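Novice: For the protein sequence lines, the chains are A and Y, in the order given.
The first sequence: position 11 = 11 (the working numbering), numbered continuously.
The second sequence: position 212 = 212 (the working numbering), numbered continuously.
Where a beta carbon is used, it is the ideal one built from N, C-alpha and C, also for glycine.
Note that the structure is predicted; figures quoted are calculated from it, not measured.
Shown below is the structure under consideration.
Protein chains: 2
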Amino acid sequence: MIIVALDPPFGPNGSYTLVDILEKTRDLAYGYKVGLPLILDSGIDVISKIKKATGSIVIVDLKLADIGDIMVSTAIRLHEKGADGIIAHGFIGVENALDKLVEESTKRGIQVILVASMTHNGSRRYIDQHFDEIVEDALKLGVHGIVVPATRPAFISLAKRKTRGQLKIYSPGIGAQGVEPGTAICHGADFEIIGRAITRAFDPRRSIVEIHDKIAHKVIECSGYRESST
Amino acid sequence: MIIVALDPPFGPNGSYTLVDILEKTRDLAYGYKVGLPLILDSGIDVISKIKKATGSIVIVDLKLADIGDIMVSTAIRLHEKGADGIIAHGFIGVENALDKLVEESTKRGIQVILVASMTHNGSRRYIDQHFDEIVEDALKLGVHGIVVPATRPAFISLAKRKTRGQLKIYSPGIGAQGVEPGTAICHGADFEIIGRAITRAFDPRRSIVEIHDKIAHKVIECSGYRESST
């Protein structure tokens with residue numbers, strides 16, 4: 001399933017609006033992910049705007065990495081505008097940080113997703129050294145999900161084994177960052193987060209349709225099924 | 001020197017406005033630090049509003065911890081609104097993250113400050129294990145400064161020795177988080193970041209005046225001077 005990451009600009013050279021992208025993708029996107037650049041451009045009300053235009057879930061990805069009080073204060077504001085999920089860094093640690101965030105989010109019905117590794121090379125330097133521990137923290141905290149990049153398929157498989165379906169796995173890094181659609185799902189991810197390959201495409205509609213097809217084929221392939229007609 | 005952290009609500013029970021706090025503190029604050037809650041409440045234009053009202057520097061503390069492209073995209077937007085400095089996490093790593101942010105920020109004259117440790121207990125779990133390496137990354141990247149909490153005075157002394165004045169040291173954790181004003185400066189910090197002890201005080205003006213005095217006394221004490229009149 002596809003989560004579309006909405007980072008401006010939209011279309012080649014910013015030739016589309018946010019609404020264009022939402023209209024062209026809403027029946028094929030499971031949900032949308034909103035980051036800092038869009039929030040800074042359009043304000044926090046963009047969350048409810050996306051929900052209204054699409055009827056889909058909205059995950060707000062500010063990669064929260066602050067003390068508990070500030071993260072709670074942020075989460076409350078995002079939830080008031082309709083955010084279904086929020087992404088925070090596992091690296092920040094539990095005590096007086098993630099513990100407070102998860103407690104308050106659980107009360108309010110906000111789903112917390114923890115970053116356990118990232119797509120860029122710099123992630124190997126510090127974050128990835130603690131990948132196992134962060135996944136264990138996520139399990140203990142009982143969060144909704146974790147982010148594990150498609151650029152580290154072995155990490156996805158490992159996370160899948162460790163979490164046994166208790167946590168949803170969200171996987172960025174498909175498309176513009178070089179990984180084939182379907183790769184993350186084949187390794188155990190629940191969602192592939194895809195941004196630029198759709199939102200900056202000349203034809204975003206065609207792009208999401210093609211990516212959908214590629215995921216379907218890849219999943220058929222990796223699950224060992226072979227259809228006689230193909 | 002004092003940087004006032006502007007996290008809402010202001011005054012006891014939110015009885016002051018942001019403008020109240022700025023008016024009561026502007027001649028005694030070296031600068032202001034703005035975090036996510038205020039940006040979400042007031043939008044990005046709050047940065048230029050604070051600068052106009054005070055004439056002081058504004059550091060935007062979104063604790064950036066994303067891939068390079070997203071951090072650059074964010075930094076450009078903040079700079080356009082007048083941000084003098086931005087805070088990012090050292091733990092995110094250099095390659096394809098901090099390298100890009102620092103390159104683009106240097107071009108535009110934005111000062112980058114890296115978090116090397118944090119005030120909460122959870123910081124000990126992962127971040128603090130890499131404190132030395134993050135300070136070294138900061139030196140190699142040639143950033144403007146680092147954040148080292150007043151709750152870890154030994155880390156401040158260590159950072160001061162390692163950086164030899166090449167990096168400014170910003171220290172949160174004074175006041176509401178339990179550390180005496182002046183403690184961080186006595187250990188080698190350049191700035192003490194103080195929030196709630198001023199912004200939620202019944203009398204913010206009196207509070208910042210008292211904190212100023214306490215810092216002055218502490219610094220006289222720790223630097224070994226004794227005035228005959230005291």
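Taking Cβ positions, are G182(A) and G93(Y) nearer each other than 7 Å?
Specialist: No.
Novice: Measure the beta-carbon distance from T163(Y) to L139(Y) and round it to whole angstroms, keeping in mind my assumption that it falls under 8 Å.
Specialist: 6 Å between Cβ atoms; contact.
Novice: Distance check for I59(A) and L11(A), CA to CA, integer angstroms please.
Specialist: According to the sequence provided, residue 11(A) is Gly. The question's Leu does not apply to it. G11(A) and I59(A): Cα-Cα distance of roughly 21 Å.
Novice: Using a Cβ-Cβ cut-off of 6 Å (strictly less than) and excluding sequence neighbours within five positions of S157(A), which residues of its own chain qualify?
Specialist: The answer, listed in chain order, is H187 and G188.
Novice: Considering only DSSP beta bridges, list what F191(Y) is partnered with.
Specialist: Y170(Y), per the DSSP bridge assignment.
Novice: Are the beta-carbon atoms belonging to H79(Y) and V115(Y) less than 7 Å from one another?
Specialist: Their beta carbons are not under 7 Å apart, which means H79(Y) does not touch V115(Y) by this criterion.
Novice: Taking Cβ positions, are L232(Y) and T54(Y) nearer each other than 7 Å?
Specialist: Residue 232(Y) falls outside the range modelled here, since chain Y spans only 1 to 230, and no answer is possible.
Novice: Let me know the alpha helix (DSSP H) ranges lying completely inside the stretch 129-165 of chain Y, each 4 residues or longer, listed in chain order.
Specialist: DSSP runs (the alpha helix (DSSP H)) wholly in the stretch 129-165 of chain Y: 131-141 and 153-163.
Novice: What span of residues does the alpha helix (DSSP H) with K107(A) cover, start to end?
Specialist: D99 to R108 is the extent of the alpha helix (DSSP H) around K107(A).
Novice: Taking only beta carbons into account, state which residues of the stretch 43-69 of chain A come closer than 7 Å to chain Y, listed in chain order.
Specialist: Within the stretch 43-69 of chain A, the residues whose Cβ lies closer than 7 Å to some Cβ of chain Y are G43, I44, L62, K63, A65, D66, I67 and G68, listed in chain order.
Novice: Cα separation between V143(A) and V147(Y)?
Specialist: Computed Cα separation, rounded: 29 Å.
Novice: Can you find a CB in chain A that lies within less than 7 Å of the CB of V94(Y)?
Specialist: It does: the Cβ of V94(Y) has a partner Cβ on chain A nearer than 7 Å.
Novice: Suppose only complete runs of 3+ residues qualify. What are the beta strand (DSSP E) ranges in the stretch 30-75 of chain Y, listed by chain order?
Specialist: Fully enclosed beta strand (DSSP E) runs of 3 or longer: 31-35 and 57-64.
Novice: Examine chain A for any beta-carbon lying closer than 7 Å to the beta-carbon of F131(Y), and answer yes or no.
Specialist: With 7 Å as the cut-off, F131(Y) does not count as an interface residue toward chain A.
Novice: With H, G and I counted as helix, E and B as strand and the rest as coil, what does DSSP make of L6(A)?
Specialist: In this structure, L6(A) counts as strand in the three-state DSSP scheme.
Novice: Are the C-beta of V4(A) and some C-beta of chain Y separated by less than 7 Å?
Specialist: For V4(A), the answer is no, since every Cβ of chain Y falls outside 7 Å of its Cβ.
Novice: What number of angstroms, rounded off, separates the C-alpha of R161(A) from the C-alpha of E192(A)?
Specialist: The alpha-carbon atoms of R161(A) and E192(A) are separated by roughly 18 Å.
Novice: On the three-state DSSP scale, how would you describe H120(Y)?
Specialist: Of the three classes helix, strand and coil, the one that applies to H120(Y) here is coil, per DSSP.
Novice: Measure the C-alpha to C-alpha separation of G82(Y) and S223(A) and round it to an integer number of angstroms.
Specialist: Using only the alpha carbons, I get a separation of about 53 Å.
Novice: Evaluate F202(Y) with the Cβ neighbour count: other Cβ atoms within 10 Å of its Cβ, from every protein chain shown; 16 or more gives buried, anything less gives exposed.
Specialist: So F202(Y) ends up on the exposed side.
Novice: I want to verify the contact list: residues of chain A whose CB lies under 7 Å from the CB of F91(Y), in sequence order.
Specialist: Simply F91, Y126 and I127.
Novice: Using DSSP with H/G/I as helix, E/B as strand and the rest coil, what is L22(A)?
Specialist: In the structure shown, L22(A) sits in a helix (DSSP, three-state: H, G or I).
Novice: Going by DSSP in three states, I176(A) sits in which element: helix, strand or coil?
Specialist: Checking the sequence shown, residue 176(A) turns out to be Ala, not Ile. Here A176(A) sits in coil by DSSP.
Novice: Are the Cβ atoms of I44(Y) and D61(Y) separated by less than 7 Å?
Specialist: For I44(Y) and D61(Y), no; Cβs fall outside 7 Å.
Novice: How many whole angstroms separate the CB atoms of V243(Y) and E104(Y), which I take to be in contact at a CB cut-off of 8 Å?
Specialist: In the structure as shown, chain Y starts at 1 and stops at 230, and residue 243(Y) therefore has no counterpart that could be examined.
Novice: Using the beta-carbon count (16 or more within 10 Å), is D137(A) buried or exposed?
Specialist: Label assigned to D137(A): buried.
Novice: Could you check where the beta strand (DSSP E) with A201(A) kicks off and where it finishes?
Specialist: Here A201(A) belongs to no beta strand (DSSP E), and DSSP marks it neither H nor E.
Novice: G145(Y) and K168(Y) look like a contact to me (Cβ under 8 Å); what is the Cβ gap, rounded to whole Å?
Specialist: About 4 Å separates the two Cβ atoms, so the contact holds.
Novice: Under 6 Å Cβ to Cβ from D128(A), same chain only, skipping five residues before and after it: list those, please.
Specialist: Cβ neighbours of D128(A) beyond the five flanking positions: S117.
Novice: Go through its chain and collect everything with a Cβ distance to V46(Y)'s Cβ below 7 Å, but skip five positions before and after it.
Specialist: Excluding residues within five positions, the ones whose Cβ falls inside 7 Å are V34, L38 and I39.
Novice: From S229(Y) to V219(Y), what distance separates their C-alpha atoms?
Specialist: Residue confidence is low: S229(Y) scores 43 on pLDDT, short of 50, so the model does not pin down where it sits. Its coordinate-derived value is still stated next. When rounded, the distance between both Cα atoms is 16 Å.
Novice: For the alpha helix (DSSP H) holding A184(A), just list the boundary residues, first then last.
Specialist: It spans T183 to C186 - the alpha helix (DSSP H) in which A184(A) sits, taken as one unbroken run.
Novice: Verify the CB distance criterion: does S73(A) have a CB-CB separation below 7 Å to chain Y?
Specialist: Chain Y contact via Cβ: present.
Novice: From the beta carbon of R77(Y), is the nearest beta carbon of chain C less than 7 Å away?
Specialist: No chain C appears in the structure shown, which is made up of the protein chains A and Y.
Novice: Hey, how far is the Cα of P204(A) from the Cα of I70(A)?
Specialist: Taking the straight line joining both Cα atoms gives about 36 Å.
Novice: Give the residues of chain A in contact with N13(Y), contact being defined as C-beta atoms less than 7 Å apart.
Specialist: Neighbours of N13(Y) on chain A: none; closest Cβ ~15 Å, over 7 Å.
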